[in-house]
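Step one of this worksheet: look at the structure below.
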Amino acid sequence: IKTEISTFSNGLQTVGKPYWLTSKQKRENQLAGSVAVAFRTEKDRRLAISQRLYIAGVSCRVENL
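Going by our numbering, the first residue of the sequence shown is number 6, and it counts up by one from there.
Structural data, given as structure tokens:
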């Protein structure tokens, strides 16, 4: 996920390792899921929220937690 974000989302840089908010068992029966991602700068965070991220070719909505 980290590489996908930096490659396909205007070079946004993440910090640390993104992680799923649900268990692997629960995700097996779902078509969608939530991942927590931290960004390197405030500017990157704002850009991710105002624009959509692209992960595995899919446009993803971003929310501030």
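Just so it is clear, CB atoms sit at the ideal spot from N, CA and C, and this is done for glycine as well.
CB-CB length for residue i against residue j, believed under 8 Å
| i | j | result |
| --- | --- | --- |
| Thr27 | Ser39 | 7 Å |
| Ile54 | Ile6 | That belief does not hold up - the Cβ atoms of Ile54 and Ile6 are roughly 17 Å apart, past 8 Å. |
| Phe44 | Leu17 | 6 Å |
| Val67 | Arg57 | 7 Å |
Assigned exposure category for residue i - 16 Cβ within 10 Å defines buried
| i | result |
| --- | --- |
| Thr19 | buried |
Cross-strand partners of residue i (DSSP beta bridge)
| i | result |
| --- | --- |
| Ala43 | Val20 |
| Ser64 | Tyr59 |
Any C-beta of chain D under 8 Å from that of residue i
| i | result |
| --- | --- |
| Gly62 | Among the protein chains of the structure shown there is no chain D, as only one such chain exists. |
Residue i - containing alpha helix (DSSP H), residue span
| i | result |
| --- | --- |
| Ile6 | Neither: Ile6 is in no alpha helix (DSSP H) and is coded neither H nor E. |
| Gln30 | Lys29 to Arg32 |
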